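**Student:** Submitted below is the structure of interest, expressed as structure tokens.
Protein chains: 2
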Amino acid sequence: MTPRQFRKPIEHRDPASPRGEPVSLEHQRGELEIADALKIIPLGGLEEVGRNMTVFEYKGDIVIVDVGLQFPEEDMPGIDYIIPNIEYLKGKEKQIQGIIITHGHLDHIGAVSHLAPKLGNPPIYATALSRGIILKRHDDFPSAGPLNIHVVQKTDSLTLGHFKVQFFHVNHNIPDSVGIALHTPEGLVVHTGDFKFDHSPIGDEPADLARIVQLCSEDGGVLALLSDSTNAEVPGYTISERQVQESLDEIIKQAEGRVIAATFGSLISRIQQLINIAEKYGRKLAIDGYSMRTNVEIARELGFLKVRKETIIPIGEAHRHSPEKMIIACTGAQGEGDAVLMRIAHREHKFIHIQKGDSVIFSSSVVPGNERSVSALKDILMYQGAKIFHSKLMDVHASGHAQVEDLKLMLNLVKPKHLIPIHGNHFMLRMHGEIAESVGMLQDHVLILTNGQAAIFKDGKAYLSKKRVPTNYVMVDGLGIGDVGSVVLRDRQVMAQDGIFVIISTIDTGTGKLKGNPDIISRGFVYLRESQQLLSDVRKRVRAIVEGSTAKEHTLNTVYLKDEIRNKMGQFLFSRTERRPMVIPVIIEV
Amino acid sequence: MTPRQFRKPIEHRDPASPRGEPVSLEHQRGELEIADALKIIPLGGLEEVGRNMTVFEYKGDIVIVDVGLQFPEEDMPGIDYIIPNIEYLKGKEKQIQGIIITHGHLDHIGAVSHLAPKLGNPPIYATALSRGIILKRHDDFPSAGPLNIHVVQKTDSLTLGHFKVQFFHVNHNIPDSVGIALHTPEGLVVHTGDFKFDHSPIGDEPADLARIVQLCSEDGGVLALLSDSTNAEVPGYTISERQVQESLDEIIKQAEGRVIAATFGSLISRIQQLINIAEKYGRKLAIDGYSMRTNVEIARELGFLKVRKETIIPIGEAHRHSPEKMIIACTGAQGEGDAVLMRIAHREHKFIHIQKGDSVIFSSSVVPGNERSVSALKDILMYQGAKIFHSKLMDVHASGHAQVEDLKLMLNLVKPKHLIPIHGNHFMLRMHGEIAESVGMLQDHVLILTNGQAAIFKDGKAYLSKKRVPTNYVMVDGLGIGDVGSVVLRDRQVMAQDGIFVIISTIDTGTGKLKGNPDIISRGFVYLRESQQLLSDVRKRVRAIVEGSTAKEHTLNTVYLKDEIRNKMGQFLFSRTERRPMVIPVIIEV
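Chains R and U are the protein sequences, given in the same order. The numbering of the first sequence is our numbering, which starts it at 1 and goes up by one. The numbering of the second sequence is our numbering, which starts it at 591 and goes up by one.
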């Protein structure tokens, strides 16, 4: 048993400079200002999983790869998500030749609607499915104006200023994912996007190894590889989606009742697997959960799902089919409070309640931080008689990210001179660096960057910038972008811990006396009905403070008086409760 | 990339009855009221990890095993911890023959100081180290009065009313842990406590297999085994602490600088390993972190740590020794905000700052929910030049809980007629049940209980109660025990999400007009300095509402007026910000 007592402090933790102290970086071989060089500047994605956005710059021309969001950390209550900081690009809007999108996941496209307008609406290039998902999401931003977005084929070649861009197909757990070959005057740079190799994928082609080899042999080889580090700590190869399908097949074949398969809303290939199995065993498939329904619709329209017309039925019709003829695909495998599976478990779903004989498949990994929610959810489902299958017990999920051996394969295909590990925490990047060394790369040729730090290439040599461009968090909360800062967050945290205690004193300026009793507004501190004595003691003490102060001073010093009330009542409340609510004194003069 | 959008709802989730709906249980074979039977009632520990407390009752005599606490869930901001609900024992204080403690971890002893006084101070029986830890903790409860606590030897035999209690030594990651053989008129019941088997432990003896076999062969065999399910999903055997020591030895032998080993504050055997290695390589060991220092002191006093006098030095003297001569053992391996390792990483520690050449060992597993904090912490340490070792990379930690094969071994040693899996979520208990079936137990003889449900034994037969005794959460927050309920928690959650917005209108009852502008107190909602226009718009609207209402009504209807302000201003703020702060209207009449 182990405690989970404290949250992290709420400042944006810049790991290179925790709490503002200067900390030396290992590689400090150059300046951001080297002229006529190729600069690669990650604005996000190197100290976290998410917020991926990388700037490529040569002689004033800029190409951007991905514009993603990051989900908030635990110490950011109320924050919807975090988007990249584009301060570095301010004033450079006209230099931006294009934004290239690797795939349609939110950590790669989620900030497009916020930032593309601010970047002067540069052309965005995306494969068909990624484009569909971006446009669908953009519907939620009516005031942002239309996007300047173009479909690219994987065989296309774009010329964007000094850059030439080509694509290669990779596997990931969303179809139509690509890696990028970026031809620059300084040499060829390859960006993998998120990737894995799957030699027997479902609803997708295997990653195009031949094209990777062919592209990488151009321009005299690859100057630098930017490669996905998410699974750099996970040994072995990722399992194939074929194996996942076989596990799902086995479960569903043997299931005597309904099968409910919960997974990520964007996991189109999992839906394809369920379609294949449904059609094999004569079951219908109903899909529920906004993000999943939306993604399935887009994928279906664009031909990324192979499905007979009669297979997919609306969730509202599921009850018309006998349980052994139904599969339900839904969101909520992470125990999210409002997602479909949670509503089913709590018998709040309009159409689906758990019944004995149901099989529930958690067809996903558990995202760090969600373990307790998922455990509780499994329990609730089991209590109601469901059989539970999850990825610890069977291969009902495959990660979308290359593991150690896959990373080696990519390195051996690309044979880059330099590696810039991307997508992951710093220690994942380091692990990726060690993997590169294990396949023969020189330690010096592994460039571990921080967000905002530039890798600079000039005449075949690599430099790391000493300076870093701004990358601090830009938080989105409702309609506000970047307006919630540490003050607001800290207040939320304090109120979450011990509540708020507002003391309103109405003072007659003529007499210096309180008019009536002080009003007290308390929320999240104590249960008021059972705390009448405490409130009455507070009122008495506030009266004494006010009248003592006005008697002594002969005039009303509200600043002093507020401080007195805040300090003394804060101490008093702590002595009585050992809680520290936010105490806010209000003086109303009449 | 996967979202973590929603928190769970804050109600106490009774998995057997989510959101109040009645749900049928699988086993409903009897009533709690069967007379003269042996009843085993878990008050906690069966729907969570933590809050372990089990009641054994026979003809009015009661014996309790463990009185532990549970750490709060994510949706319980500000809560310190949760203790068992003892409503069932009210009025039965005189029947309690004793409380038996299996080991000194907080999830087994943490509620003793709160609850023993309320249970009429029954005698508590604990091994020497567990007793030492309970007494030390009890110092923090000066008003609770002294505990009636007794040391037991593992060879002791206690007669407690109808019960006879014997002990057997098990391994866990704290020394002096015991399992319990409880002889009852209905048969022998065995309770493992938390356990693992370690055939080559450090600073401890191997679990006493011979004694388990011998005890379990008495009374014609074991009627029921209550056994630890924490690792019922983890295949294989737990690794030996010897292996952990070898991994630590290897790291420390090769470390050119200082070694900082972070682990749980109660992990005494890990400290013994570090002592052994320190003495082997001529290093000094400094210990930091309140819980770790306290536990080491108690263990040392009681002879549970073998250490030369000169090996352990105060943390304040660590800088006097050259780095390659130092090991620092500290708390904070979970990324807890206030623990030692976090302070070291953020250069806030009084004596220890990370320097190049330091090796930091995360000698622990990562507790679910802490992954992101731990990742961030590793990054910060790495940036400052530390080498990082953790249990994914090397065997620097062993779990304290039996894995699948160990559980089979326990079942085969004890050969119980019935198994009651304890300690874990419901799905872990089920897994444990499946393990029992795999070694030949009849499915019918696996009793999966929920908290508060009784297993009843009479004439060799087992029944499960239909009724459940109360087990809902009792939350401790500061000095308050059980006073924070769903109202207070919900308020904390709402304020954490979008803050609070208090609108104070001072109304002249003579004229029905506002005196001056409404006062607004806003916290955690928007950054006030940049929201003057919004506040001004609110004030205008509030004035219109107040004066419209008083003009229309000719008299001040404060209830109506407050509702109007709350609803209209709530909507207005949402329309402007898409945030929903808690809006609190206050009317002051003068």
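For glycine and all other residues, C-beta sits at the position ideal for the given N, C-alpha and C. These numbers come from a predicted model, not from an experiment.
Which value, in whole angstroms, describes the spacing of the CA atoms of R:Phe362 and R:Thr238?
**Tutor:** Each residue's alpha carbon lies about 18 Å from the other.
**Student:** Evaluate U:Ala876 with the Cβ neighbour count: other Cβ atoms within 10 Å of its Cβ, from every protein chain shown; 16 or more gives buried, anything less gives exposed.
**Tutor:** Buried, since its Cβ has 16 or more Cβ neighbours within 10 Å.
**Student:** If I'm right that R:Met53 touches R:Ile64 with Cβ under 8 Å, what's the distance once you round it to whole angstroms?
**Tutor:** At roughly 7 Å, the Cβ-Cβ gap stays under 8 Å, so R:Met53 and R:Ile64 are in contact.
**Student:** Measuring straight from C-alpha to C-alpha, what distance separates U:Ala889 and R:Met76?
**Tutor:** Cα to Cα, U:Ala889 sits roughly 40 Å from R:Met76.
**Student:** Does R:Ser375 have its Cβ less than 9 Å from a Cβ in chain U?
**Tutor:** Taking Cβ atoms only, chain U reaches closer than 9 Å to R:Ser375, which makes this a yes.
**Student:** Residues of chain R with a CB under 9 Å from the CB of U:Gln1161: which are they?
**Tutor:** Those do not exist, as U:Gln1161 stays about 14 Å from chain R at its closest Cβ, beyond 9 Å.
**Student:** What residues of chain R sit near U:Glu961, judged by a beta carbon separation below 8 Å?
**Tutor:** Those within 8 Å of U:Glu961 in chain R are Pro368, Gly369.
**Student:** Can you tell me the Cβ-Cβ gap for R:Leu267 and R:Asn173, rounded? I've got them flagged as a contact below 8 Å.
**Tutor:** R:Leu267 to R:Asn173, Cβ: 5 Å. Contact.
**Student:** What are the residues that DSSP puts in a beta bridge with R:Tyr473?
**Tutor:** In DSSP, R:Tyr473 forms no bridge with anything.
**Student:** If you draw a straight line from the C-alpha of U:Thr592 to the C-alpha of R:Tyr463, how long is it?
**Tutor:** Summary for U:Thr592: the model assigns pLDDT 33, below 50, so the residue's position carries little reliability; its value from the coordinates is reported in the next sentence. Whole-angstrom Cα-Cα distance: 34 Å.
**Student:** Residues of chain U with CB under 7 Å from R:Gln497, in chain order?
**Tutor:** Residues of chain U passing the Cβ test: Pro667, Gly668.
**Student:** For R:Val152, which option in R:Ile180, R:Pro314, R:Asn171, R:Gln95 has the closest C-alpha, if you only look at C-alpha atoms?
**Tutor:** When only C-alpha atoms are compared, the closest one is R:Ile180.
**Student:** Going by C-alpha distance, which of U:Thr1167, U:Glu1168, U:Ile1174, U:Arg1119 is nearest U:Val1132?
**Tutor:** The option with the nearest alpha carbon to U:Val1132 is U:Ile1174.
**Student:** Take the Cβ of U:Pro775 as the centre, count every other Cβ of all protein chains shown within 10 Å, and call the residue buried at 16 or more, exposed below.
**Tutor:** So U:Pro775 counts as exposed.
**Student:** Look at the alpha carbon of U:Lys896 and the alpha carbon of R:Pro42, and state the distance between them as a whole number of angstroms.
**Tutor:** Their backbone Cα atoms lie some 52 Å apart in a straight line.
**Student:** Shortest alpha-carbon distance to U:Val957 belongs to which of U:Val930, U:Ala935, U:Ile978, U:Gly925?
**Tutor:** Ranking U:Val930, U:Ala935, U:Ile978, U:Gly925 by Cα distance to U:Val957 puts U:Gly925 first.
**Student:** Does chain R have any CB closer than 9 Å to the CB of U:Glu823?
**Tutor:** Closer than 9 Å: yes.
**Student:** Closest by CA to R:Lys408, which one among R:Gly440, R:Arg468, R:Asp358?
**Tutor:** The option with the nearest alpha carbon to R:Lys408 is R:Gly440.
**Student:** Excluding the 5 residues preceding and the 5 following U:Lys870 in the sequence, name in chain order all residues of the same chain whose CB lies nearer than 8 Å to its CB.
**Tutor:** Asp839.
**Student:** Leaving out five residues on either side along the sequence, give the residues of the same chain with a beta carbon under 7 Å from the beta carbon of R:Asp406.
**Tutor:** Around R:Asp406: Lys196, Phe197, Tyr237, Thr238.
**Student:** Would a C-beta distance cut-off of 9 Å place R:Met495 and U:Gly640 closer than the cut-off?
**Tutor:** No, the Cβ-Cβ distance between R:Met495 and U:Gly640 is not below 9 Å.
**Student:** From the DSSP output, in three-state form, read off R:Leu359 for me.
**Tutor:** Note that residue 359 of chain R corresponds to Ser in the displayed sequence, not to Leu. Strand at R:Ser359.
**Student:** Considering only their Cβ atoms, is the gap separating U:Ile1012 from U:Leu1181 smaller than 9 Å?
**Tutor:** Only positions 591 to 1180 of chain U appear in the structure, and residue 1181 of chain U is not among them; the question remains open.
**Student:** Using only alpha-carbon positions, find the residue among R:Met431, R:Lys417, R:Tyr88 that is nearest to R:Asn231.
**Tutor:** Closest option to R:Asn231, Cα to Cα, is R:Met431.
**Student:** In the DSSP assignment, find the alpha helix (DSSP H) that holds R:His183 and state where it starts and stops.
**Tutor:** Looking at the DSSP string, R:His183 is not in any alpha helix (DSSP H); the run it does join, the beta strand (DSSP E), is 178-184.
**Student:** Does the beta-carbon of U:Leu1163 have 16 or more other beta-carbons within 10 angstroms, so that it is buried, or is it exposed?
**Tutor:** By the neighbour-count rule (16 or more Cβ atoms within 10 Å), U:Leu1163 is buried.
**Student:** For chain U, find out if any of its Cβ atoms is closer than 9 Å to the Cβ of R:Phe525; answer yes or no.
**Tutor:** Cβ-Cβ to chain U under 9 Å: yes for R:Phe525.
**Student:** Can you give me the C-alpha to C-alpha distance between U:Met1065 and U:Asp1073, rounded to a whole angstrom?
**Tutor:** Between U:Met1065 and U:Asp1073, the C-alpha separation is close to 7 Å.
**Student:** Looking at the structure shown, is U:Arg1058 part of a helix, part of a strand, or coil, going by DSSP?
**Tutor:** Looking at U:Arg1058 - three-state DSSP - the assignment turns out to be strand.
**Student:** Three-state secondary structure (DSSP) at U:Ala976?
**Tutor:** If DSSP states are grouped into helix, strand and coil, U:Ala976 belongs with coil.
**Student:** Kindly provide the ranges of any alpha helix (DSSP H) runs that are 4 or more residues long and lie completely inside the stretch 891-922 of chain U, ordered along the chain.
**Tutor:** Counting whole runs of 4 or more residues, the stretch 891-922 of chain U contains no alpha helix (DSSP H) stretch at all.
**Student:** Taking the CB atoms as reference points, tell me whether U:Gly947 and U:Pro913 lie closer together than 9 Å.
**Tutor:** Their beta carbons are under 9 Å apart, which means U:Gly947 touches U:Pro913 by this criterion.
**Student:** Considering only their Cβ atoms, is the gap separating U:Ala976 from U:Ile944 smaller than 9 Å?
**Tutor:** Taking 9 Å as the Cβ cut-off, U:Ile944 and U:Ala976 qualify as a contacting pair.
**Student:** Which same chain residues end up closer than 7 Å to U:Asp985 when comparing Cβ atoms and leaving out the 5 residues on each side of it in sequence?
**Tutor:** The residues are Ile829, Gln833, Val834, Ser837.
**Student:** Could you check the C-alpha separation between U:Gly810 and U:Ala706 for me, to the nearest Å?
**Tutor:** Going from the Cα of U:Gly810 to the Cα of U:Ala706 covers about 34 Å.
**Student:** Would U:His987 pass as an interface residue toward chain R - the criterion being a Cβ-Cβ separation below 9 Å?
**Tutor:** Chain R contact via Cβ: absent.
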